[in-house]
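Residues in the sequence shown are numbered from 87 upward in steps of one, following the working numbering.
Here's the structure, in structure tokens; my notes come after.
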Amino acid sequence: MQAKEASTGTATTAPRSGLVGVDPARASAKEVGNHFAALARQVRAAGLLELSPARYYGRLAFNAALFLAGLVAFFLIGDSWWQLAVAAWMGISSAQSAFMWHDAGHKAMFRGRWATVMGMVHANLLNGVSFGWWVNHHNRHHSFPNNLDLDPDIGRRTAIFDMGQYPSRNRWGRFVVRHQRTLFFVLLVLEGYKMRRTSLVALFRSNLRQPVLEGLIIVANMAIYLTAVFLVLSPLKAIAFLAVQHAVLGVYFGLIFAPNHKGMEVRSGEESLDWLERQVLTSRNIRPSGLVDWLYGGLNYQVEHHLFPTMPRMNLGRCRPLVQEYCARQGIPYREVGLVESYREVATFLHEVSEPARRGVPVTTGPTAS
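Quick look at the structure:
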């Protein structure tokens, strides 16, 4: 399945700007396009963009309870292989706390200093991940989703979205690509480690606003975390604990993010679509339910989240029918599938896009998407 060119048959004012780090709902029609500006007015009138800090307190308390329960169990159980169950629990707790730093980074929870505080607590202190690096990286992804040249999420993935990426892979990378339908999911166990490593590199190479503060908090996280694990557990059990927690975290992360964009519209070069088409054509929703909403931290409403990144997650479900109706009127395809179908579509896309590699078809360097 090669990348498809977006074509909806609708005329619109198309921005050239990426709007990196800018709230699209507050941008001008010239910046985001006439279609999105009209939808944004409707959503704003419904009050869905208003912050709801009090509604996050319960979620923060629940996440704290998850973490503290795991911590208490860790010290009560002591040096036992039952700690691997605690490690899995802590992996899930870490992923849930990541939803908090995600919302803080988008300023969907708080504005100003409190957004940064919440982000650093959940990212740097609890997970050893640079909040500043993540915000910069994630904002660029939101501005250019599924753009082979501009979306950093595509650049750092093991899997390819387009055969034009294949020639730049080394021998191991090409092997992974040829079998990426399976290996993509298998290698998710490494995602937790990769995020930590990338954060550490970013502290020295990226233009972060507070690299020293972020670095000190991450060092504190590593010191407290490793000291506790190796004091309570024997070396072999400690290593197994670290491996299981990060594997569960990585798989959880990967399964949350995989359905969001893989198999949807892929583009390259300077972005010409307006904000509405750029986000809707590249995003896929997972049909909501109470359990799905909790497991995915609201990211199952991927279309609405990408359109309105500063919207509190508890409002995304109410925004969904407005977006669906508006897209139907404009003739813009809106993709929403069930949980199992979403992963089937991802696996099919990964298999089809790498088919030329398995057949040994020569490929020139550079993206083929338009």
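Positions of the beta carbon are idealized from the N, C-alpha and C atoms, including for glycine.
- The distance from the Cβ of Tyr-252 to that of Val-263 is about 6 Å, consistent with a contact at the 8 Å cut-off.
- In the three-state scheme derived from DSSP, where H, G and I count as helix and E and B as strand, Arg-353 is classed as strand.
- Per DSSP, Gly-250 is not a residue of any alpha helix (DSSP H), being assigned neither H nor E.
- Closest in C-alpha terms to Phe-247, from the list Pro-395, Arg-283, Glu-351 and Thr-396, comes Glu-351.
- Exclusion of the five residues before and after Tyr-311 leaves Gly-214 as the residues of its chain whose Cβ lies within less than 8 Å of its Cβ.
- For Trp-361 against Ala-288, the beta-carbon gap comes to about 27 Å, at or over 8 Å, which does not count as contact.
- For Leu-385, no alpha helix (DSSP H) run applies, since DSSP gives it neither H nor E.
- Taking the C-beta atoms as reference points, His-224 is found nearer than 8 Å to Gly-191.
- Taken through DSSP and simplified to helix, strand or coil, Asn-256 comes out as coil.
- The shortest CA-to-CA distance from Asn-149 to any of Ala-126, Leu-273 and Ala-181 is the one to Ala-181.
- Inclusion of Cys-405 and Val-129 in the CB contact set at 8 Å is warranted, their separation being smaller than that value.
- Note: Ile-178 is not bridge-paired with any residue in the DSSP secondary-structure output.
- Within the same chain, Asn-386, Tyr-387, Gly-403 and Arg-406 come within 8 Å of Pro-374 by CB-CB distance, once the 5 residues on both sides are set aside.
- A residue is called buried once 16 or more other Cβ atoms fall within 10 Å of its Cβ, and Val-432 is buried on that count.
- For Ser-440 and Arg-415, the gap between their C-alpha atoms comes out near 35 Å.
- When the alpha-carbon of Met-195 is set against those of Leu-211, Asn-307, Ala-124 and Tyr-143, the nearest one is in Tyr-143.
- Only buried fits Asp-189, as 16 or more other CB atoms lie within 10 angstroms of its CB.
- Note that the C-beta distance between Leu-425 and Val-389 is not below 8 Å.
- Excluding its 5 nearest sequence neighbours in each direction, Leu-236 has C-beta neighbours in its own chain below 6 Å: Phe-230, listed in chain order.
- Classified as buried, Trp-187 has 16 or more neighbouring CB atoms from the shown chains inside 10 Å of its CB.
- Taking 4 residues as the minimum length, the alpha helix (DSSP H) runs contained wholly in the region 371-434 are 376-381, 388-393 and 402-416, in order along the chain.
- Apart from sequence neighbours up to five positions away, the residues of its chain that approach Ala-333 with a beta-carbon distance below 6 Å are Val-275, ordered along the chain.
- Around Tyr-382, the same chain offers Ile-342 and Ile-372 as residues with beta carbons nearer than 8 Å, after the five sequence neighbours per side are excluded.
- Membership of Met-308 in the alpha helix (DSSP H) is indicated by the continuous run 297-318.
- Around Met-400, the same chain offers Ser-138 and Arg-141 as residues with beta carbons nearer than 7 Å, after the five sequence neighbours per side are excluded.
- Nearest C-alpha to Ala-344 among Trp-175, Thr-368 and Phe-153: Thr-368.
- In this structure, the beta-carbon distance from Asp-165 to Lys-348 does not fall below 8 Å.
- Rounded to whole angstroms, Val-318 and Ala-309 show a C-alpha spacing of 14 Å.
- Beta bridge pairing from DSSP links Asn-233 with Arg-353.
- The straight-line gap separating the alpha-carbon atoms of Val-366 and His-121 is approximately 12 Å.
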